[in-house]
Amino acid sequence: MEYKISVGISNKHVHLTRETYEQLFDKPLEKVKDLNQIGEFSSNQFVDLKTSFGQIKNVRIVGPFRSYNQVEIGKSDAHLLNLNPPVRKSGDLKDAESITIIGPKKEITLNNACIMAKRHVHINTLDLDKFHLKDGDTVQIHIPGPRSALLDAEIKASDNGYFEVHLDRDEANALLIESGAEVTLVI
Numbered sequence: 208m209e210y211k212i213s214v215g216i217s218n219k220h221v222h223l224t225r226e227t228y229e230q231l232f233d234k235p236l237e238k239v240k241d242l243n244q245i246g247e248f249s250s251n252q253f254v255d256l257k258t259s260f261g262q263i264k265n266v267r268i269v270g271p272f273r274s275y276n277q278v279e280i281g282k283s284d285a286h287l288l289n290l291n292p293p294v295r296k297s298g299d300l301k302d303a304e305s306i307t308i309i310g311p312k313k314e315i316t317l318n319n320a321c322i323m324a325k326r327h328v329h330i331n332t333l334d335l336d337k338f339h340l341k342d343g344d345t346v347q348i349h350i351p352g353p354r355s356a357l358l359d360a361e362i363k364a365s366d367n368g369y370f371e372v373h374l375d376r377d378e379a380n381a382l383l384i385e386s387g388a389e390v391t392l393v394i
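Residue numbers (the working numbering): 208 to 394.
Take a look at the structure:
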């Protein structure tokens, strides 16, 4: 079965616990805009990422607060920082890289925090039966265009899920695809 689905492109960003955030900032986390995944938002706060090899400035914090700290970067960022983070689904920080984040108040080294996000399809748990899917299933995404591709993606079901496939910025650039593009989900 095939279904049309839109693409969401994820750039490097940081998810923090309230405790870690308060160590870095004196002011509340400010929402700039809502993301498609219900309840998640881009904030007006940024940190710098640092390793002994390099630094990336102005990396956005995505809210709301989580129960774990997670830094998501792409392969290009990993090269710049001389890191080799694993490709993982969000929250799976086993063997993740350590990285230092710098806020206005101080810098903090986060152990087992830096990953490259595994390609995934967000879906609302209420829609799983409609598509005959379950959380963790692998599906394929057909990307049309001059650099067409057939990619595996993992289903990520949640109560706030908005139906879209998430690619990181490096993948999207390689495929010549932009956020909001329509692709085909193959089940």
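C-beta atoms are modelled at their ideal positions from N, C-alpha and C, and glycine is treated no differently.
Check                                                                                                                                                                 : Outcome
Using only alpha-carbon positions, find the residue among 353, 219, 254 and 319 that is nearest to residue 313.                                                       : 254
Report the residue ranges of all alpha helix (DSSP H) runs contained in full by the segment 366-391; include only those spanning at least 4 residues, in chain order. : 376-382
Let me make sure I understand the geometry here. Which of 261, 262, 228 and 256 has the alpha-carbon closest to that of residue 250?                                  : 228
Residues in the same chain with beta-carbon distance under 8 Å from residue 391, minus the five sequence neighbours each way, listed in chain order, please.          : 209, 210, 211, 212, 348, 349 and 351
Is the closest heavy atom of the ligand SAM to the C-beta of residue 253 under 7 Å?                                                                                   : Absence of the ligand SAM is noted for the structure shown, with no ligands found whatsoever.
Within the chosen definition, does the segment 361-379 reach the segment 239-247 through at least 3 CB pairs nearer than 8 Å?                                         : yes
Among the residues of its own chain, which have a CB less than 7 Å from the CB of residue 260, if the five just before and after it don't count?                      : 288 and 289
Residue 239: buried (16+ other C-beta within 10 angstroms of its C-beta) or exposed?                                                                                  : exposed
Please determine, among 230, 235 and 271, the residue with the shortest C-alpha to C-alpha distance to residue 248.                                                   : 271
How big is the Cα-Cα spacing for residue 303 and residue 383?                                                                                                         : 29 Å
Got a sec? Which residues, its chain only, sit under 6 Å from residue 218 by beta carbon, not counting five neighbours each side?                                     : 376
Taking Cβ positions, are residue 365 and residue 332 nearer each other than 8 Å?                                                                                      : yes
If you draw a straight line from the C-alpha of residue 233 to the C-alpha of residue 223, how long is it?                                                            : 15 Å
Would you check if the distance between the CB atom of residue 221 and the CB atom of residue 268 is smaller than 8 Å?                                                : yes
Report yes if the C-beta distance between residue 363 and residue 342 is below 8 Å; otherwise report no.                                                              : yes
Could you check if residue 378 is buried or exposed, using at least 16 other CB atoms within 10 Å of its CB as the buried criterion?                                  : buried
Would the beta-carbon of residue 320 fall within 8 Å of that of residue 277?                                                                                          : yes
Quick one: complete beta strand (DSSP E) runs, 3+ long, within the segment 263-287?                                                                                   : 277-279
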